[in-house]
Amino acid sequence: MLDQLARQIEALLVATETPVTISRICELTGCGTESAEQAVERIEAELASGGHAIVVAKLAGGYRIVTDPDLGFIVGQLFEGRRHSRLSRASLETLAVIAYRQPATRAQVEAVRGVNSDSAMRTLLERDLIIITGRQETPGRPLLYGTTSRFLEYFGLSNLEHLPRMDEMENLLKLSVDDIERMASELSGEESDQSI
Amino acid sequence: MLDQLARQIEALLVATETPVTISRICELTGCGTESAEQAVERIEAELASGGHAIVVAKLAGGYRIVTDPDLGFIVGQLFEGRRHSRLSRASLETLAVIAYRQPATRAQVEAVRGVNSDSAMRTLLERDLIIITGRQETPGRPLLYGTTSRFLEYFGLSNLEHLPRMDEMENLLKLSVDDIERMASELSGEESDQSI
Amino acid sequence: MSADGRTTCRINIEDFEGPLDLLLFLIRRDELDVTTINVAEVADQYLEYIRETEELNLDIAGEYLVMAATLTRMKSRLLLPVERALMEDSEDPMQSLMRHLVLYKAFKEVALELRDSESVWREVFTPPGERDRYEEEIVEFDPGQTSLMDLLLALENMTEKNAPPPQHRVRKPLLSLSECVHTLNTLLPTGSTMGFSTAVGEHPDNAVVVSFFVAVLELVKRGWLSTEQSYPFSDIIMKRKEKRWEMNA
Chain A
293 MLDQLARQIE ALLVATETPV TISRICELTG CGTESAEQAV ERIEAELASG GHAIVVAKLA
353 GGYRIVTDPD LGFIVGQLFE GRRHSRLSRA SLETLAVIAY RQPATRAQVE AVRGVNSDSA
413 MRTLLERDLI IITGRQETPG RPLLYGTTSR FLEYFGLSNL EHLPRMDEME NLLKLSVDDI
473 ERMASELSGE ESDQSI
Chain B
293 MLDQLARQIE ALLVATETPV TISRICELTG CGTESAEQAV ERIEAELASG GHAIVVAKLA
353 GGYRIVTDPD LGFIVGQLFE GRRHSRLSRA SLETLAVIAY RQPATRAQVE AVRGVNSDSA
413 MRTLLERDLI IITGRQETPG RPLLYGTTSR FLEYFGLSNL EHLPRMDEME NLLKLSVDDI
473 ERMASELSGE ESDQSI
Chain C
279 MSADGRTTCR INIEDFEGPL DLLLFLIRRD ELDVTTINVA EVADQYLEYI RETEELNLDI
339 AGEYLVMAAT LTRMKSRLLL PVERALMEDS EDPMQSLMRH LVLYKAFKEV ALELRDSESV
399 WREVFTPPGE RDRYEEEIVE FDPGQTSLMD LLLALENMTE KNAPPPQHRV RKPLLSLSEC
459 VHTLNTLLPT GSTMGFSTAV GEHPDNAVVV SFFVAVLELV KRGWLSTEQS YPFSDIIMKR
519 KEKRWEMNA
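Top to bottom, those sequences are chains A, B and C. Following our numbering, the numbering of the first sequence begins with 293 at its first residue and continues without gaps. Following our numbering, the numbering of the second sequence begins with 293 at its first residue and continues without gaps. Following our numbering, the numbering of the third sequence begins with 279 at its first residue and continues without gaps.
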């Protein structure tokens, strides 16, 4: 049986349109961080023991209540024809580069992938998974792209640190941007040929 | 502890955007009317016994699960005109018309949008994105509205000339990332010498 | 070329995400380690594959051909000791290619892991939120979260909103601006005036009105047309000022 604080938090996690952070929960309910976290645990336990169809998900830096994935086959029917198709491999690769490298320019994405990534980036922009975050202060002032909180929700990530293989990728990316771009220009045959 | 049918129905009632009728429930879960009604009762009982913050609402069209009205004082805070992620579609449309037409009257905005734009305009005024610039010297002397410098800042434009022209707009709507980037660099007045 | 008579026709160029992907495939097929492969050998495989694909008259994207050229050049350098010596100062392009392959391979694997997450989270559905129950007019504001794109998409939305729901969403205004300008150009000789309602015809649908209105706004902005309206909701009277309308100017 949920106590009053847990009930209040449960209501917030159901009614919200975006994940609610612990600090926001504290602000709205007037409780402390620790109490809030414990209350979330009580909600999870109570939902599980009642065999309910919903679970608390930790997403994009906060919490929200979502339906259990094992019931997706039923719920998905409600949204038949409106569900996005799965992302293509090109889009997933592009997204991966932007996620680890962000903010990233299109040239950087294309340097890493070795192919034009125009339509993949367009899809990602349209689906709100990436967003223009600014411009790089280099000649041409190319646009910079980063991932959105929608991106985190889409892949069930609670934050960017939870991207798969973060350490490994960070090390690989210690290859500086310059390095990647130089490799790309070598690949496209535009290197200044020092050997001639 | 909910059974499988009740779980399926609970998931539907939580995720749906509009109330779900019993016949739709039967269609989606493959059960009979009576089983569906009984399952809804089991859901209600289980939610009540767990002290949960959500209830099954019986509405004209059918059922859906919503937060308990007695928690409205908490939930309402989530939506209290605080900072949300984006301007609403209505506000953006209104803003777009004013930006291009300025100075524009409300009647002109409504003529383009085809709907009452009162509340959208109020929002934009409150948010300092548009401002009253004068009155049109026509019968009724309607108020004229224009965009503010806040508007430019909000959209990252350095001045109004940087709004794409309408014919450019048409192309932008078929936008590719290439196009966006090229246009954006034109908009910011920078000739990109490096075409990547 | 292949020692064991293996044909590469079985693999389809369309299955690859680019030259790096194809290279990785060739390396993996031969169970080689990315870091220790013999570039000359892989280059041969790659070139052979591209040649066969070309012979089948299949379209090959430019990137594949650029990589073929790069590999050919690397191979030729291998055969020229003088060039190798000269290259010692600068980084060996093969090392650079290997590093690039390692990096691309890692991203490719991450993309596969993301695909797995996608499969799980696609099956997760969120309650729609209860904004409507608690707030009639929500003020949404957060600078930096809205872009020019949102503004453009809002405009696009306006032109589509009143159309019957299409089977396929077509990202195109229903009546192009140039068509509207062309029509206005015909209807309005220089110096003449005309009511907006006359220009759009009797019982126009909203999309036509919007398209024409936007065209008129643009022409006014360019100073090619002036408009007057005697009172709110009355017909907009358009007057042509410029002789020539060059929309692409």
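Cβ coordinates follow ideal geometry from the N, Cα and C atoms, glycine included. Computed from a prediction, not measured in an experiment: that's the story for all the values here.
### Query
Bridge partners of A/A349, per DSSP?
Translated into positions along the first sequence, residue 349 of chain A becomes position 57. Here A/A349 is bridged, per DSSP, to A/R356.
### Task
Work out the CA separation of C/S489 and A/S411 for me, nearest whole Å.
Looking up residue 411 of chain A in the first sequence gives position 119. Looking up residue 489 of chain C in the third sequence gives position 211. Looking at the two C-alpha atoms, the distance is approximately 28 Å.
#### Entry: N-terminal and C-terminal residue of the alpha helix (DSSP H) that A/G438 is part of
As a first step, residue 438 of chain A must be located in the first sequence, where it is residue number 146. Here A/G438 belongs to no alpha helix (DSSP H); instead the beta strand (DSSP E) covers L435 to T439.
### Query
Which residues in the same chain as A/S383 place their Cβ atom closer than 7 Å to its Cβ, once the five residues preceding and following it in sequence are excluded?
Along the first sequence, read from residue 1 onward, the residue named residue 383 of chain A stands at position 91. These residues qualify, in order along the chain: A412, T415 and L416.
### Query
Relative to chain C, which residues along the stretch 441 to 456 of chain A have a C-beta separation below 7 Å, given in chain order?
Under the 7 Å Cβ criterion, the stretch 441 to 456 of chain A contributes Y446, F447, G448 and P456.
### Three CB pairs or more closer than 8 Å across the stretch 318 to 327 of chain A and the stretch 326 to 337 of chain B
Short answer: they don't touch.
### B/T313: first and last residue of the uninterrupted alpha helix (DSSP H) it sits in
Counting from one through the second sequence, the residue named residue 313 of chain B turns up at place 21. That residue, B/T313, is in no alpha helix (DSSP H); it is neither H nor E in DSSP.
### Query
Along chain A, in chain order, which residues have C-beta atoms closer than 8 Å to that of B/Q275?
The structure shown has nothing for residue 275 of chain B, since chain B only spans 293 to 488.
### Query
Cβ atoms of A/A391 and A/L452: under 8 Å apart, would you say?
For the purposes of this step, residue 452 of chain A is taken as the residue at position 160 of the first sequence. For the purposes of this step, residue 391 of chain A is taken as the residue at position 99 of the first sequence. Their beta carbons are under 8 Å apart, which means A/L452 touches A/A391 by this criterion.
### Task
Tell me whether B/E302 is buried or exposed, calling it buried when 16 or more other Cβ atoms sit within 10 Å of its Cβ.
As a position in the second sequence, residue 302 of chain B is number 10, starting the count at 1. Counting other Cβ atoms within 10 Å of its Cβ, B/E302 reaches 16 or more and is therefore classed as buried.
#### Entry: Bridge partners - B/I422, DSSP secondary structure assignment
Within the second sequence, the letter at position 130 stands for residue 422 of chain B. Beta bridge pairing from DSSP links B/I422 with B/T439.
### Message
Rounded to whole angstroms, what is the Cα-Cα separation between C/H460 and A/S409?
### Response
On the third sequence, residue 460 of chain C is found 182 positions in, with the first residue counted as 1. On the first sequence, residue 409 of chain A is found 117 positions in, with the first residue counted as 1. Looking at the two C-alpha atoms, the distance is approximately 36 Å.
### Message
Going by beta-carbon coordinates alone, are C/Y382 and A/G373 separated by less than 8 Å?
### Response
Position 104 of the third sequence, counting from 1, holds the residue named residue 382 of chain C. Position 81 of the first sequence, counting from 1, holds the residue named residue 373 of chain A. The Cβ atoms of C/Y382 and A/G373 do not sit closer than 8 Å to each other.
### Cross-chain neighbours of B/A307 in chain A, by beta carbon under 7 Å
Position 15 of the second sequence holds residue 307 of chain B. Per Cβ cutoff of 7 Å: T359, V367 and L370.
### Query
At what residues does the alpha helix (DSSP H) containing A/M458 begin and finish?
Mapped onto the first sequence, residue 458 of chain A falls at position 166. The continuous alpha helix (DSSP H) containing A/M458 extends over residues M458 to L465.
### Message
So A/G342 contacts chain B; which residues on that side make the cut at Cβ distance below 9 Å?
### Response
Taking the first sequence and counting its residues from 1, the one referred to as residue 342 of chain A is at position 50. The contacting residues are M293, L294, E338, L339, S341, G342 and H344.
### Task
Determine, using beta carbons only, whether B/I422 and A/Q300 come nearer to each other than 8 Å.
Taking the second sequence and counting its residues from 1, one reaches residue 422 of chain B at position 130. Taking the first sequence and counting its residues from 1, one reaches residue 300 of chain A at position 8. In this structure, A/Q300 does not lie closer than 8 Å to B/I422 by Cβ.
#### Entry: Residues of its chain near A/R334, where Cβ-Cβ distance is below 8 Å and the 5 sequence neighbours each way are ignored
As a first step, residue 334 of chain A is located in the first sequence; it is residue number 42 there, counting from the start. The residues are L294, D295 and A298.
### Query
Should C/D299 go down as buried or exposed, given a rule of 16 or more other Cβ atoms within 10 Å for buried?
Start at 1 with the first residue of the third sequence, and residue 299 of chain C comes out as number 21. Counting the other Cβ atoms within 10 Å of the Cβ of C/D299 gives 16 or more, which makes it buried.
### Task
Using the Cα positions of B/P311 and B/G438, report the straight-line distance between them to the nearest angstrom.
Along the second sequence, one-based indexing puts residue 311 of chain B at 19. Along the second sequence, one-based indexing puts residue 438 of chain B at 146. Cα-Cα distance, rounded: 42 Å.
### Query
According to DSSP, what are the bridge partners of C/M472?
Counting from 1 along the third sequence, the entry for residue 472 of chain C is found at position 194. Paired residue(s): C/M516.
### Message
With DSSP as the reference, identify every bridge partner of C/T505, one or two as the case may be.
### Response
Residue numbering aside, residue 505 of chain C sits at position 227 when the third sequence is read from its first letter. C/M516.
#### Entry: Straight-line Cα distance separating B/S341 from A/G342
Within the first sequence, residue 342 of chain A is the residue found at index 50, counting from 1. Within the second sequence, residue 341 of chain B is the residue found at index 49, counting from 1. Straight-line Cα distance between these residues: approximately 9 Å.
### Message
Please list, in chain order, the chain C residues whose beta carbon lies closer than 8 Å to that of B/R393.
### Response
Sequence index remark: in the second sequence, residue 393 of chain B carries index 101 (1-based). Near B/R393 (Cβ distances below 8 Å), the residues of chain C are L495.
### Task
Determine the closest residue to B/T425 out of B/R393, B/P431 and B/E338, with distance taken between C-alpha atoms.
Locating residue 425 of chain B in the second sequence gives position 133, counting from the first residue. The candidate whose alpha carbon is nearest that of B/T425 is B/R393.
#### Entry: From C/S470, C/L375 and C/L392, residue whose alpha carbon lies closest to that of A/E385
Here residue 385 of chain A refers to the residue found at position 93 when the first sequence is read from its first residue. Checking every option, the nearest Cα to that of A/E385 belongs to C/L392.
### Message
Assuming the contact rule is C-beta atoms closer than 8 Å, A/R442 and A/L436 should be a hit. Round their C-beta distance to whole Å, please.
### Response
Stepping through the first sequence from its first residue, residue 442 of chain A is reached at position 150. Stepping through the first sequence from its first residue, residue 436 of chain A is reached at position 144. About 18 Å separates the Cβ atoms of A/R442 and A/L436, ruling out a contact at the 8 Å cut-off.
### Message
For C/L466, tell me which candidate among C/E506, C/K521 and C/E496 has the shortest Cα-Cα distance.
### Response
On the third sequence, position 188 is the one that residue 466 of chain C refers to. The shortest C-alpha separation from C/L466 is found at C/K521.
### Query
Which term fits A/V348, buried or exposed, when burial requires 16 or more other beta carbons within 10 angstroms of its beta carbon?
What you label residue 348 of chain A is simply residue 56 of the first sequence in a count that begins at 1. With 16 or more Cβ atoms within 10 Å of its Cβ, A/V348 is classed as buried.
### Query
What is the residue span of the alpha helix (DSSP H) that A/I390 lies within?
Within the first sequence, numbered from 1, the residue matching residue 390 of chain A stands at position 98. Unbroken alpha helix (DSSP H) run through A/I390: R381 to R393.
### Task
Have a look at the DSSP bridge pairing and note the partners of B/A396.
Your numbering for residue 396 of chain B matches position 104 in the second sequence. Partner(s): B/Y437.
### Message
I want to see whether chain C comes within less than 8 Å of B/A349, judged by CB atoms only; does it?
### Response
Your numbering for residue 349 of chain B matches position 57 in the second sequence. No, B/A349 lies away from the interface with chain C (no Cβ there is under 8 Å from its Cβ).
### Message
I need the straight-line Cα distance from A/R378 to A/A307, nearest angstrom please.
### Response
In the first sequence, residue 378 of chain A corresponds to position 86, counting from 1. In the first sequence, residue 307 of chain A corresponds to position 15, counting from 1. A/R378 and A/A307 have their C-alpha atoms spaced approximately 27 Å apart.
### Task
Using a threshold of 8 Å, state whether the C-beta atoms of C/A321 and A/M461 are closer than that.
Reading the third sequence from its first residue, position 43 is the one you call residue 321 of chain C. Reading the first sequence from its first residue, position 169 is the one you call residue 461 of chain A. Cβ distance not < 8 Å, so C/A321 and A/M461 don't count as in contact.
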